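S.K.: No gaps in the numbering here: position 34 of the sequence shown is 389 in the numbering used here, and each next residue is one more.
Cβ atoms here follow ideal geometry from the backbone N, Cα and C, with glycine treated the same way.
Note that the structure is a prediction, hence the values are computed from the model and not measured.
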Amino acid sequence: MLLVSCKGNVPESQIVAQVGNSILTVSELRMQTPMGLTGTDSAAFVNEYIDGWIDQHIMYEQGMRNLPDIDQLNAQAENYRHNLIAQSYENELLKVRANNEISIQDIQDFYDRYSKQLRLDHPIIQGVYVKLLQNTSKLDQVRRWMKSLNAGDQDIIPELDEFGNMRAVEYDNFYDQWVDMYQLSDKLPVTVVDAASFLKCKTYEMKDDQYYYLFVIRDYRLAGEIQPFEYAKSDVYDVLMHQRRQEFRRKLIEELREEGMRTGFVRRK
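1. Apply the 10 Å Cβ neighbour rule to Q582 and answer buried if 16 or more other Cβ atoms are within range, or exposed otherwise.
2. Count the other C-beta atoms from every protein chain shown that fall within 10 angstroms of the C-beta of I425, then say buried if there are 16 or more, exposed otherwise.
3. Kindly indicate which three-state DSSP category D508 falls into: helix, strand or coil?
4. To the nearest whole angstrom, what separates the beta carbons of V497 and Y530, a pair I think is in contact under 8 Å?
5. What separation, rounded to the nearest whole angstrom, lies between the Cα atoms of Q412 and G418?
6. Are the CB atoms of Y415 and S377 within a distance shorter than 9 Å?
7. Report all residues from its chain with a CB closer than 8 Å to the CB of L577; omit the five preceding and five following residues, and keep chain order.
8. Would you check if there are 3 or more beta carbon pairs closer than 8 Å linking the stretch 495–514 to the stretch 568–576?
9. So which of L487, K557 and R599 has the shortest CA-CA distance to Y568?
10. Going along the chain, which residues of its own chain have a beta-carbon closer than 7 Å to the beta-carbon of D313, five neighbours each way excluded?
11. Check whether the Cβ atoms of V591 and L449 sit closer than 9 Å, and answer yes or no.
12. Using only CA atoms, which one of T395, E514 and D535 lies nearest to I480?
13. Across which residues does DSSP place T380 in a beta bridge pair?
14. Given 8 Å as the limit, tell me if N505 has its C-beta closer than that to any heavy atom belonging to the ligand PLP.
15. Would V548 be called buried (16 or more neighbouring beta carbons within 10 Å of its own) or exposed?
16. Would DSSP call V359 helix, strand or coil?
17. Which class does Y582 belong to by DSSP, given the choice of helix, strand or coil?
18. Looking at the secondary structure, which residues open and close the beta strand (DSSP E) in which M536 lies?
19. Taking DSSP as the reference, what is the three-state secondary structure of V451?
20. Measuring only the C-alpha atoms, how far is L358 from N429?
21. Could you give the distance in angstroms between the alpha-carbon of C361 and the alpha-carbon of E433?
22. Under a three-way DSSP split, which group does D410 fall into?
23. Work out the CA separation of Q427 and N421 for me, nearest whole Å.
24. To the nearest whole angstrom, what separates the beta carbons of F518 and K542, a pair I think is in contact under 8 Å?
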């Protein structure tokens, strides 16, 4: 934001820079200077800010004198100002008056009603992924953990988490959440061409010249299938919140219009 003042009665000692009728004062410059700057850092910031202010105002003054469509630009600026004030006021009212609580039951009801329209555009998976150096001494232990996990033994997850977070080259536990399959496949030393065929095998162990790659797929959904509730609920929340805000805005405008017409503040022929 540019701080512009008319010179008026501002003492000469308080003027830092001037371009035409626009001035930059000491107090305005001080407001723009970050707290804590000292010495050369402070001087560098001040000089750069003043030069930038002058450059911007030179262009502004030249534009005011020479642009042929300045009236149209002024109208656009005024329209933008009106919209900005209206939107800011609406947002403040939404904070105070709108019921922004979307319950899990609201989300569930929407999902139950429209789930057939909530289709995936990419495959998603749940599981655990571990990347290890080939010379690791824990390879056999990790294999046992992954085998147990594939058999449904979730009790080993805390132990696997501790090892993975401390000693694995990469570790990702998404056993209880849905993620894009390509977040995993991009980490592997192979290219996944057919997601359906790839995901049929629930456990994998791969290697390249340096690393072992082990992962277990707990569950998956393919592109075109219905989104699972846990995956869809954040998007459903956003849809419901947008609907609620639109309904609140509609009612608010109606109230303000009716009040304005009743008091004479709003007139229409």
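M.R.: The relevant details are as follows:
1. With 16 or more other Cβ atoms within 10 Å, it is buried.
2. With fewer than 16 Cβ atoms within 10 Å of its Cβ, I425 is classed as exposed.
3. Coil, per DSSP.
4. Rounded to the nearest angstrom, the Cβ distance from V497 to Y530 is 15 Å, too far for a contact under 8 Å.
5. This sequence places His at residue 412; Gln is not what is there. Taken atom to atom, the span from the alpha-carbon of H412 to that of G418 is near 9 Å.
6. Closer than 9 Å, so yes.
7. Answer for L577: L475, P478, A550, A551 and L554, listed in chain order.
8. Touching, yes.
9. Check the Cα spacing between Y568 and each of L487, K557 and R599: the tightest is with L487.
10. Because the chain spans 356 through 624 in this model, residue 313 falls outside it and cannot be assessed.
11. No, they are not a contact pair.
12. Of T395, E514 and D535, the residue nearest in Cα terms is D535.
13. In DSSP, T380 forms a bridge with I370.
14. Absence of the ligand PLP is noted for the structure shown, with no ligands found whatsoever.
15. So V548 ends up on the exposed side.
16. With a pLDDT of only 42 at V359, under the threshold of 50, the placement of this residue in the model should not be trusted; the figure read from the coordinates follows. DSSP places V359 in coil when its eight states are reduced to three.
17. Position check: residue 582 holds Gln in this sequence, whereas Tyr was assumed. Annotated three-state conformation of Q582 is coil, per DSSP.
18. In the DSSP assignment, M536 falls outside any beta strand (DSSP E) and lies within the alpha helix (DSSP H) extending over M536 to S540.
19. Residue state for V451 is assigned as helix, using DSSP reduced to three classes.
20. Confidence at L358 is low in this model, with a pLDDT of 40, below 50, so its placement is unreliable and the value that follows should be read with caution. C-alpha separation (whole angstroms): 18 Å.
21. Low confidence applies here, because C361 scores a pLDDT of 42, under 50, leaving its location unreliable and the question unanswered by this model.
22. Assigned with DSSP and collapsed to three states, D410 falls in helix.
23. It is roughly 13 Å from the alpha-carbon of N421 to the alpha-carbon of Q427.
24. Not quite, the Cβ-Cβ distance comes to about 18 Å (not below 8 Å), so this is no contact.
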